[in-house]
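Peer 1:
Residue numbers (our numbering): 6 to 185.
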C-alpha cells in the first residue's frame, strides 16, 4: 500500500515537479538531515531526530493545509530537496524555506526555480501578501538565493519565538502586489 497526503497540490516548472512529501522521500531527506550540510536548519541530526523532522514537515501539511513541497527532477522523478511555505508554531510570520538534499544538485538553479514557483503559489492560492525567509547570517548560499528572489534584509521584522534564533536574519520577499 502506498500512502500519500490527499488533496495536496502539485506544481510544475520547466525542470521540476513540486509535490507534497511522501514515504519514498524519507531516506534521501534523512540522509541530508544527518549531514553537516544541514547545519543551517538545526543539523546535523541523529537518525531519530531526522525522521521526526520529516514527520513534522508532513504534519505541517495536515495542520495548515500547506507546507514544504518536495521538488523532483521532472525527467527522472528523483527528489532533490524541499521548498515552500511554512508557518510553524512560534514563527513570527509565514516563511518561505528551502533546502537542497545533495551537494551534486547545488548551484544548478533548482532551489530558485522551486522557491519561485512555491512563492507564486503561496501568493495566489493561499492569499499571502508577503513572506519572509529566516536565514543564518553565515549561510551565504541561502542569502544569495534570497537576494536572487528579490528578498531584502528586513531589520524591523520579528524573529521566531525560539531562543536559539537570536542571530537569524530576516529576508523579506517582494509583496504579491509588487510581483504582479
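Virtual Cβ for every residue (Gly too), placed ideally from N, Cα, C.
The model shown is predicted, which means the values in this text are computed figures rather than measured ones.
In this structure, how does DSSP classify residue 169 when only helix, strand and coil are distinguished?
Peer 2: Helix.
Peer 1: Closer than 8 angstroms by C-beta to residue 180: which residues in its own chain qualify, once you throw out the five before and the five after it? Chain order, please.
Peer 2: Contacts found: 134, 135.
Peer 1: I need the straight-line Cα distance from residue 110 to residue 85, nearest angstrom please.
Peer 2: In a straight line, the C-alpha of residue 110 is about 7 angstroms away from that of residue 85.
Peer 1: Have a look at residue 37 and residue 54 and give me their C-alpha separation to the nearest angstrom.
Peer 2: Roughly 12 angstroms separates the two Cα atoms.
Peer 1: If you scan the stretch 36-62 from start to end, which runs of the beta strand (DSSP E) of 3 or more residues do you find wholly inside it?
Peer 2: Runs found: none.
Peer 1: Under the criterion of a Cβ to heavy atom distance below 6 angstroms, does residue 163 qualify as lining the ligand PLP?
Peer 2: Annotation note on the ligand PLP: not contained in the displayed structure, which lists no ligands.
Peer 1: Cα separation between residue 5 and residue 151?
Peer 2: Outside the shown range of the chain, which is 6 to 185, sits residue 5, and nothing can be said about it.
Peer 1: Tell me which same chain residues have a C-beta within less than 7 angstroms of the C-beta of residue 122, skipping the five on either side of it?
Peer 2: Result list for residue 122: 16, 18, 23, in chain order.
Peer 1: Residue 174 lies in the beta strand (DSSP E); which residues open and close that run?
Peer 2: Element bounds for residue 174: 174-177.
Peer 1: Identify the residues that DSSP records as bridge partners of residue 103: which are they?
Peer 2: Residue 103 is bridged to 88.
Peer 1: At 3 residues or longer, and completely inside the stretch 98-164: list those beta strand (DSSP E) runs for me, N to C.
Peer 2: List check, beta strand (DSSP E) in window: 100-105, 137-140.
Peer 1: Expressed to the nearest angstrom, what Euclidean distance is found between the alpha-carbon atoms of residue 162 and residue 105?
Peer 2: When rounded, the distance between both Cα atoms is 26 angstroms.
Peer 1: According to DSSP, simplified to helix, strand and coil, what is residue 184?
Peer 2: In the structure shown, residue 184 sits in a helix (DSSP, three-state: H, G or I).
Peer 1: Assign residue 20 to one of three DSSP states: helix, strand, or coil.
Peer 2: Coil at residue 20, not helix or strand.
Peer 1: Indicate whether residue 66 and residue 10 have their beta-carbon atoms separated by less than 7 angstroms.
Peer 2: Yes, Cβ-Cβ distance for residue 66 and residue 10 is below 7 angstroms.
Peer 1: Is the CB-CB distance between residue 76 and residue 28 below 7 angstroms?
Peer 2: The answer is no: Cβ separation not under 7 angstroms.
Peer 1: Just curious, the beta strand (DSSP E) that residue 30 is in, first and last residue?
Peer 2: Here residue 30 belongs to no beta strand (DSSP E), and DSSP marks it neither H nor E.
Peer 1: Could you tell me the distance, in whole angstroms, from the CA atom of residue 145 to the CA atom of residue 87?
Peer 2: Rounded to whole angstroms, residue 145 to residue 87 spans 18 angstroms at the Cα level.
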